[in-house]
Amino acid sequence: MTDEIKAFCDYLKKQVADYSLYLWGGQGEPVEESGLVNMRYICRKEQNQNRAEQVAAKIVDCYYHSYDMSEAKFFDCSGLGTAYFMGKGYIKDDLTAAGLYNICPTHPDLSQVRPGDMVFKNKTTSGWGHVGYVSGTSATGETLVTEARGRSYGVVTRTLANGEWQATGRPGFWSDETPAPEFVRNLYYRKGNLMRGDDVRAVQVRLTELNIETGEIDGVFGLKTKEAVIDYQIIAGLTVDGIVGRNTWNALFGED
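Using the numbering used here, read the sequence shown as starting at 1362 and increasing by one per residue.
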């Protein structure tokens, strides 16, 4: 994990620890000002009595449990990310969940997300309606997502599996986490003595990122991996032989 992604994940963890809340259009405004909550501001932002009452009920619940709200902020789902991204200069304009999806140059499989990625659900005719942010890994190895979940929940962290997420996005403004892997050997299907290794796994991961099905990502060059390589070679206009030689490797990993 790069320092910039770690800083973003630390920011997300802080919002959870500070009991930050959901508010329509929220982008980091303080819940309290001089120890008081501005209910008029909440009503103006929500423009709906029932929704404003849900926010108020959550605030009352926090006070009832003696939570320290002095650092709590208001966010909606996209505002949790855009407030940080704009503050760091990664993006210039406020974006909705659909807008955040659209600025991502790559959309890896849900099984391949990593900290700094975004996940999406609730698609409408205008695009994805809700966004969360991959923020780490639990002690049991499960991927964690932080989100401004809703008025009755606030900013929370849950496992990826519990969020019913449907799509992903990997922002282009993060610097590369690791350099491209180096070509070591030709990789191909060898019946009875299958090729294995981290280089095979790297190819499987990269093909999966390109939405080409490789089967299980296990570092074993089986028939499904060979078929995936052939599919990629056809798409990329390469010699179609199912072998990951230097040309196919360089095309996969962007090396000259």
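Built from N, CA and C at the ideal position, the CB exists for glycine as well.
Distances from the alpha-carbon of residue 1362 to those of 1372, 1502, 1477 put 1477 closest. As for any beta strand (DSSP E) of minimum length 3 sitting wholly inside the segment 1523-1585, the runs are 1528-1530, ordered along the chain.
Under the three-state reduction of DSSP, residue 1479 is assigned to strand. Going by beta carbons, residue 1529 and residue 1466 fall outside the 8 Å limit. Going by DSSP, residue 1365 is part of no beta strand (DSSP E) but of the alpha helix (DSSP H) stretching over 1364-1378. Membership of residue 1385 in any beta strand (DSSP E) is not indicated, and neither H nor E is assigned to it by DSSP. The residues 1435, in chain order, have a CB closer than 6 Å to that of residue 1390 in the same chain once the five nearest residues on each side in sequence are set aside. Counting C-beta atoms within 10 angstroms of its own C-beta, residue 1595 has fewer than 16 neighbours from the protein chains shown and is therefore classed as exposed.
Inter-residue distance for residue 1615 and residue 1542 is about 10 Å (C-alpha atoms, whole angstroms). Beyond the five residues adjoining it in sequence on each side, residue 1373 comes within less than 7 Å, by CB distance, of 1494, 1496, 1507 in the same chain, given in chain order. Among the bridge pairs identified by DSSP, residue 1484 is matched with 1489. Annotation: residue 1414 is outside any beta strand (DSSP E); the continuous alpha helix (DSSP H) that includes it extends over 1410-1425. Secondary structure of residue 1449 (DSSP, three-state): coil. For residue 1497, DSSP records a beta bridge to 1505. A Cβ-Cβ contact shorter than 8 Å links residue 1377 with residue 1518. Where residue 1396 is concerned, there is no enclosing beta strand (DSSP E), because DSSP gives it neither an H nor an E. Taking the C-beta atoms as reference points, residue 1473 is found nearer than 8 Å to residue 1569. Contact between residue 1455 and residue 1383 does not hold, since their C-beta atoms are separated by about 17 Å, which reaches or exceeds 8 Å. Of the candidates 1479, 1498, 1503, the residue whose Cα lies closest to the Cα of residue 1492 is 1479. By the Cβ-count criterion, residue 1368 is exposed, with fewer than 16 other Cβ atoms from all chains shown falling within 10 Å of its own Cβ. Contact between residue 1433 and residue 1379 holds: CB atoms are separated by about 5 Å, below the 8 Å threshold.
From the listed residues 1387, 1446, 1394, the smallest Cα separation to residue 1535 is found for 1446.
In terms of Cβ geometry, residue 1461 and residue 1439 form a close pair [threshold 8 Å]. Under the DSSP assignment, residue 1518 falls in the beta strand (DSSP E) whose first and last residues are 1515-1520. Just so you know, the alpha carbons of residue 1579 and residue 1488 end up roughly 34 Å apart.
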